[in-house]
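Before any comments, here is the structure.
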Amino acid sequence: LSSGAVVSAKPHLSVLSPAQADDIWEEIEQITNEQFKYALLGVGEGGWQLFNEDGEMKMYRREEEKDGLVVDPLKAQHCVRGFTAHEMCNYFFSPDVRMEWEFTVDHMKVIEKLRDDTMVFHQVHKRIWPAAQRDALFWSHIRKGDESANKENNASAGSCDEKLVPVNSWIVCNHSVEVPPVPLGKCLRVILTISLTCQTFVDAAVANLPADQISRDQVTTKITYCATVNPGGWAPASVLRAVYKREYPKFLKRFTQYVKEQTETKPILW
Ligand code: 18C
Numbered sequence: 063l064s065s066g067a068v069v070s071a072k073p074h075l076s077v078l079s080p081a082q083a084d085d086i087w088e089e090i091e092q093i094t095n096e097q098f099k100y101a102l103l104g105v106g107e108g109g110w111q112l113f114n115e116d117g118e119m120k121m122y123r124r125e126e127e128k129d130g131l132v133v134d135p136l137k138a139q140h141c142v143r144g145f146t147a148h149e150m151c152n153y154f155f156s157p158d159v160r161m162e163w164e165f166t167v168d169h170m171k172v173i174e175k176l177r178d179d180t181m182v183f184h185q186v187h188k189r190i191w192p193a194a195q196r197d198a199l200f201w202s203h204i205r206k207g208d209e210s211a212n213k214e215n216n217a218s219a220g221s222c223d224e225k226l227v228p229v230n231s232w233i234v235c236n237h238s239v240e241v242p243p244v245p246l247g248k249c250l251r252v253i254l255t256i257s258l259t260c261q262t263f264v265d266a267a268v269a270n271l272p273a274d275q276i277s278r279d280q281v282t283t284k285i286t287y288c289a290t291v292n293p294g295g296w297a298p299a300s301v302l303r304a305v306y307k308r309e310y311p312k313f314l315k316r317f318t319q320y321v322k323e324q325t326e327t328k329p330i331l332w
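Residue 176 in my numbering is what sits at position 114 of the sequence shown, and the numbering runs on without skipping anything.
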């Protein structure tokens, strides 16, 4: 483990009552579909302002406040060669590897494993002085995107190379929950909706080849990362916006690099 972080991925099963689990399933269906569509809308409309650009990576935000707290929504786009949407999403979802790339977390615990593709996580994040430490309690769900979305979004490879053919898409959606109850300790709890939507493309020249004849350098993944985080209590707006500007680009660069390194010697997971 990096940075001496503590990880406990052993699930405590059935902490949720059947009624609570039903409510969560309903919410998962609704929010995941909503986030998938929202990601694929791009940044053409909605007043998105570019605040960070680094090669193919572009980060946009909207300045918004709720009850005096900064809740700026973020939309980031990136295009990376060498791995698939499925691979990127697996690494983002899996508790087993989270502490290898996620440097804003002090402790992480799987509170409930509802299914292999759905877990409830509790995370205690690093404290930023002078604000109180934050924690987060959220369900996380991974799934393959709608096949129809691949065709509809053929033209939406954006800044990716023009001659690309869509293959599939995957999403991981994280959304705050209130159950099962996890004590706050000294923390304030952030309220978040975060999604990572990825679309796999292959070079047009190899699009008709069987998958096992396609190499990693012929695969491109378009990434859309969306985040809305309510800090859950007082934090100086200027510090918060500075943290936001620094941490999101750092995360996306580091994480894509991590996935590239992890996958380069492995067989492609489509
Ligand atoms: O999406 C990411 N990671 C996922 C897996 O962990 C998951 C994470 C959700 C947590 C989002 C933010 C939680 C609050 C963080 C507190 C600050 C830590 C910074 C530490 C720096 C050393 O979906 C990748 C997440 C990328 C990190 C983004 C940072 C976002 C900052 C948002 C500000 C709101 C918190 C207020 C803290 C007060 C600071 C003055």
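Beta carbons: idealized from backbone N, C-alpha and C, even for Gly. In this text the structure is predicted, and so the values were computed from the model without any measurement.
Would residue i and residue j qualify as a contact pair, given that the criterion is a beta-carbon distance under 7 Å?
i	j	result
residue 200	residue 148	no
residue 136	residue 310	yes
residue 204	residue 155	yes
residue 186	residue 208	no
residue 151	residue 260	yes
residue 197	residue 160	no
residue 293	residue 131	yes
residue 262	residue 283	yes
residue 243	residue 78	no
residue 318	residue 105	no
residue 97	residue 257	yes
residue 139	residue 255	no
residue 264	residue 229	yes
residue 232	residue 273	no
So is the beta-carbon of residue i under 6 Å away from any non-hydrogen atom of the ligand 18C?
i	result
residue 122	no
residue 293	yes
residue 255	no
residue 313	yes
residue 190	yes
residue 143	no
residue 166	yes
residue 162	no
residue 302	yes
residue 251	no
residue 316	no
residue 138	no
residue 83	no
residue 321	no
residue 196	yes
Quick check on DSSP: helix, strand or coil for residue i?
i	result
residue 245	coil
residue 154	helix
residue 281	strand
residue 217	Only weak support exists for where residue 217 lies, its pLDDT of 44 falling under 50; the coordinates are left without a value.
residue 195	coil
residue 270	coil
residue 83	helix
residue 226	strand
residue 138	strand
residue 110	coil
residue 327	coil
residue 98	helix
residue 276	coil
residue 304	helix
residue 175	strand
Strictly under 7 Å for the Cβ-Cβ distance: is residue i near chain B by that measure?
i	result
residue 274	Checking the listed chains, one finds no chain B in this structure; it contains a single protein chain.
Apply the 10 Å Cβ neighbour rule to residue i and answer buried if 16 or more other Cβ atoms are within range, or exposed otherwise.
i	result
residue 191	exposed
residue 296	exposed
residue 134	buried
residue 300	exposed
residue 180	buried
residue 316	exposed
residue 171	buried
residue 99	exposed
Does the distance between the C-beta of residue i and the nearest non-hydrogen atom of the ligand SAM fall short of 6 Å?
i	result
residue 187	As presented, the structure is devoid of the ligand SAM, carrying the ligand 18C as its sole ligands.
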